[in-house]
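In this note's numbering, the protein residues as written are 4 to 193.
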């Protein structure tokens, strides 16, 4: 996967911010020139925080639509449709910070279930747990932010899927890894 440049990261963050402001405050859509990479199908998540606390996070784990469109859809959904939180209000917009994570395609973590933690690289890998009719995903930065080791990261991804925390030890559960390129609004140079 071709990585985005720093300038393209700024474009991604600006696009997400504009989408949130349009969705919440009905501000006009801004149509900026995007580079060709935004026409490629990519997985993406948009994470919103307020005062350092999660306020919404929605995305597309798989490359189902062009990146530019996926960022806009994920940003609007993170602001208004994350079922864990009430919709973001117009008054909150200035207090919301956002982060855009561009994903590689998730790939199965091969090998014996009990050896899975040895193959998970905390700080590099994000995880998807799939099995028993459900799935859960945690972005790469989550384990780092909480100081988790690989086993704890696997446990929490299982719980995110609504499964028991040690479900990753079962052959009936699939574990996938992916990587993410992270662009934060507070680190942009805009």
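C-beta atoms are modelled at their ideal positions from N, C-alpha and C, and glycine is treated no differently.
With 16 other CB atoms within 10 Å as the buried threshold, where does residue i fall?
{"i": "residue 113", "result": "exposed"}
{"i": "residue 110", "result": "exposed"}
{"i": "residue 38", "result": "exposed"}
{"i": "residue 189", "result": "exposed"}
{"i": "residue 115", "result": "exposed"}
{"i": "residue 148", "result": "exposed"}
{"i": "residue 1", "result": "One cannot answer for residue 1 here, as it falls past the ends of the chain, which runs 4 to 193."}
{"i": "residue 143", "result": "buried"}
{"i": "residue 7", "result": "buried"}
{"i": "residue 193", "result": "Unreliable placement is indicated for residue 193, whose pLDDT of 33 sits below 50; the coordinate value is still reported in the next sentence. Per the 10 Å Cβ criterion, exposed."}
{"i": "residue 157", "result": "buried"}
{"i": "residue 57", "result": "exposed"}
{"i": "residue 117", "result": "exposed"}
{"i": "residue 12", "result": "buried"}
I think residue i touches residue j, with their Cβ atoms under 8 Å apart; what is that distance to the nearest whole Å?
{"i": "residue 125", "j": "residue 161", "result": "No, residue 125 and residue 161 are not in contact; Cβ-Cβ is about 16 Å, not under 8 Å."}
{"i": "residue 26", "j": "residue 79", "result": "4 Å"}
{"i": "residue 183", "j": "residue 105", "result": "7 Å"}
{"i": "residue 153", "j": "residue 75", "result": "With 8 Å as the limit, residue 153 and residue 75 do not qualify as a contact, their Cβ atoms being about 34 Å apart."}
{"i": "residue 96", "j": "residue 24", "result": "6 Å"}
{"i": "residue 171", "j": "residue 159", "result": "Wrong, their Cβ atoms sit about 10 Å apart, outside the cutoff."}
{"i": "residue 51", "j": "residue 91", "result": "7 Å"}
Is the beta carbon of residue j closer than 7 Å to that of residue i?
{"i": "residue 53", "j": "residue 99", "result": "yes"}
{"i": "residue 4", "j": "residue 107", "result": "yes"}
{"i": "residue 49", "j": "residue 103", "result": "yes"}
{"i": "residue 140", "j": "residue 64", "result": "yes"}
{"i": "residue 82", "j": "residue 59", "result": "yes"}
{"i": "residue 129", "j": "residue 181", "result": "yes"}
{"i": "residue 164", "j": "residue 187", "result": "no"}
{"i": "residue 178", "j": "residue 119", "result": "yes"}
Just checking: is the beta-carbon of residue i within a distance shorter than 7 Å of some beta-carbon in chain B?
{"i": "residue 12", "result": "The structure shown contains no chain B; it holds only a single protein chain."}
#### Entry: Complete beta strand (DSSP E) runs within the segment 6-86 (minimum length 3 residues, chain order)
46-53 and 56-63
### Query
Are the segment 40-47 and the segment 65-75 touching by the rule of at least three beta carbon pairs closer than 8 Å?
yes
### Task
Starting from the N-terminal side, write out each stretch of the alpha helix (DSSP H) that is 4 residues or longer and does not extend beyond the segment 84-158.
119-122 and 143-149
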